[in-house]
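Undergrad: Note that the protein sequences, when read in sequence, are chains A and B. Quick note on numbering that gives the first Met the number 0: the first sequence kicks off at 0 and runs consecutively. Quick note on numbering that gives the first Met the number 0: the second sequence kicks off at 0 and runs consecutively. Note that beta-carbon positions come from the ideal geometry of N, C-alpha and C, so glycine has one too. Just dropping this structure here.
2 protein chains.
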Amino acid sequence: MTLYTEKALSILKNSGLRITKPRRLVIELLAKTSRSLSAYEIKEALDQDGHKVDTVSIYRIIDCLYENHLIHRVLTTGKVMKCKLENEHECELNQSDHCHHFLICQQCGSVEEVHCPGIDSVVSAMEEASGYRINRHYLEFSGICPQCNLV
Amino acid sequence: MTLYTEKALSILKNSGLRITKPRRLVIELLAKTSRSLSAYEIKEALDQDGHKVDTVSIYRIIDCLYENHLIHRVLTTGKVMKCKLENEHECELNQSDHCHHFLICQQCGSVEEVHCPGIDSVVSAMEEASGYRINRHYLEFSGICPQCNLV
DNA sequence: TTCACTGCAAACCTTTTGCAATTCT
DNA sequence: AGAATTGCAAAAGGTTTGCAGTGAA
C-alpha cells in the first residue's frame with residue numbers, strides 16, 4: 000500500500016467517512032497514476048481491472064476526495080490529480096489554502112505538483128500594483144518533460 | 000465603435016472572414032463586457048437585446064474568435080474574455096504565444112488582463128529546476144477587486 | 001452568383017438528482 | 001441495526017455534427 004493510499008484512507012476514516020470498496024479503488028488508482036484523470040477515465044481504468052463502479056459514484060467520490068483535500072483539480076486539463084505527499088513533513092494533504100502549481104507534459108500527459116520558488120513575491124507585487132486583495136492563485140506550466148525530451 | 004470592435008472586425012476581414020451580423024453582435028458584446036462570459040451567457044445577453052442568435056452559432060463564433068486570437072479562455076471561470084488592446088502599441092491581438100495573466104474578482108466577477116512583472120524569471124527558474132522545456136504557462140489570480148473592497 | 005456562415009434538428013457527452021438497495025461500522 | 005454510500009434511471013446541461021437555407025462579398 001502506497002503512502003498516498005495509506006494517508007488518504009486514514010484521513011477519510013478520521014473524518015468519520017466510510018472506507019468503501021469504490022472509494023478504495025479510486026484512491027488506489029490515483030495513487031499509482033502520475034497523470035490527471037477525468038471521471039470517465041477513472042471509470043474506464045477501473046472497468047478494465049474488472050471493477051464495475053458507476054459513473055455517478057465516481058463523481059461523488061471525486062467530490063468527497065476534493066472536499067477532504069486529497070485531490071487537486073488541474074485547470075489546464077480539467078481533470079483531477081492526487082495531492083503530493085511529502086515524506087519528510089507531516090502531510091500537508093489536509094490543508095486547504097496551500098498553493099499548488101503544476102508541470103504538465105504535453106506529450107505524455109504526466110503531471111507533476113511542484114513548489115514554485117519566487118512566486119510568492121510575484122503575487123505580492125501583483126497585489127500591490129493592482130489593488131486587488133488576492134487570496135488565491137493558479138499557476139500551471141505546459142511543456143515537455145525531461146523523459147519526453149530525450150526521445 | 001470601440002477600439003476592440005474596430006480592431007477585431009478588421010482582423011477578421013483581413014483574414015478573409017466575413018463580417019456577419021451574429022459575429023458583429025458577439026464582438027460588440029465582448030467589447031463592452033469586463034467579465035468573462037460563457038456561450039450561454041452570450042446568447043442570453045444578445046437575446047435580451049432582442050437579437051436572436053442560435054447557441055450553435057455562438058459556439059462557432061467563439062471558436063472563430065479564439066483561432067484569430069481575439070478572445071482568451073479563462074481557466075478559472077471556464078469562460079471567454081476579450082483580449083486586451085494596448086492603445087499605445089500596435090495591437091498584440093494577433094499574436095499567439097504571448098502570455099496572458101488574469102485578475103478575477105470573486106465578488107463582481109470582473110476580469111482584468113494584466114502583465115505580470117517578474118513572472119518570466121520565475122518561469123525560467125522553474126524550467127531550469129525541473130528539466131521541463133516549458134513553452135506555455137497559465138497564471139490567474141482570484142481575489143477581491145479594489146471597487147468591491149470599498150463596500 | 002458564389003461560397004461562407006447561420007439556423008435547425010438531433011445526437012452526444014458530461015454532470016446532477018431522487019430513490020431504492022446495499023454495505024460499512 | 002442504523003446510517004452512509006452506492007447503483008440505477010432519468011433528467012439536466014453543455015457541446016458537437018450534418019445539412020439545408022441565407023446572406024455577405
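Going straight from the alpha carbon of lysine 20(B) to that of valine 110(B), what length do you get?
TA: Using only the alpha carbons, I get a separation of about 26 Å.
Undergrad: Report yes if the CB atom of alanine 7(B) is closer than 9 Å to the CB atom of leucine 45(B), and no otherwise.
TA: no
Undergrad: Which same chain residues, not among the five before or five after cysteine 98(B), have their C-beta less than 7 Å away from its C-beta?
TA: His136
Undergrad: Is it true that the region 115-131 of chain A meets the region 110-122 of chain B, where meeting means three or more beta-carbon pairs spaced less than 8 Å apart?
TA: yes
Undergrad: Could you tell me if glycine 77(B) is buried or exposed, where buried requires 16 or more neighbouring beta carbons within 10 angstroms of its beta carbon?
TA: It counts as exposed.
Undergrad: May I ask you to list the residues that DSSP assigns as paired with isoleucine 103(B)?
TA: Val110(B), Ser141(B)
Undergrad: Pop quiz: leucine 64(B) and glutamate 139(B) are said to be a contact at Cβ under 8 Å. What is the actual Cβ separation, rounded to whole angstroms?
TA: Not a contact, Cβ separation roughly 20 Å.
Undergrad: When DSSP labels each residue in this structure, what does asparagine 134(A) get in the three-state scheme?
TA: strand
Undergrad: In this structure, how does DSSP classify leucine 74(B) when only helix, strand and coil are distinguished?
TA: coil
Undergrad: Check the Cβ-Cβ distances between threonine 136(A) and every residue of chain B, and say whether any is below 9 Å.
TA: One point to set straight first is that residue 136(A) is histidine, not threonine, in the sequence displayed. By this cut-off, histidine 136(A) is an interface position.
Undergrad: Examine chain B for any beta-carbon lying closer than 9 Å to the beta-carbon of serine 95(A), and answer yes or no.
TA: Caution is warranted here: a pLDDT of 45 is assigned to serine 95(A), below 50, making its placement in the model unreliable, and the coordinate value is therefore given only provisionally. With 9 Å as the cut-off, serine 95(A) does not count as an interface residue toward chain B.
Undergrad: Measuring CB to CB, does valine 55(A) end up less than 9 Å from isoleucine 41(A)?
TA: no
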